[in-house]
Amino acid sequence: MEVLAEEMDETGNEWIKNAGEPVRRQIVELCDQLITARTTKIILQEEELKKCLLFDQEKKQQQIINGNNKMKEEEENNNLSQVSLNERKWLNNLEAFGKWLNI
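Note that the sequence shown covers residues 16 to 118 in our numbering.
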């Protein structure tokens, strides 16, 4: 009420004083409703922001997980290729040894 009265010019301030208690109560009630509406709006905006931030964090974590899975997959593929290289070396060595025995 005091804030509203301070913001008004002298004529408005006098009008509120002369209007009586019922009008003052209505003004206070309207101010309370306005404050409640603003507070609710701020709370909803904060919740929406939190949801967006959580979504972004989950997305980044999923990208990290996908990247780690891809790295593991590449590592497994490299290990498999190493095994096949080792197998080829052994086969080549066995073939060479077999040829040597025939000589």
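Even glycine gets a Cβ: it sits at the ideal position worked out from N, Cα and C.
Where does Gly-35 fall in DSSP's three states? coil
If we ignore side chains and look at the alpha-carbon of each, how far apart do Gly-35 and Asp-71 end up? 54 Å
Rounding to the nearest angstrom, what Cα-Cα distance links Lys-66 and Leu-59 in this structure? 11 Å
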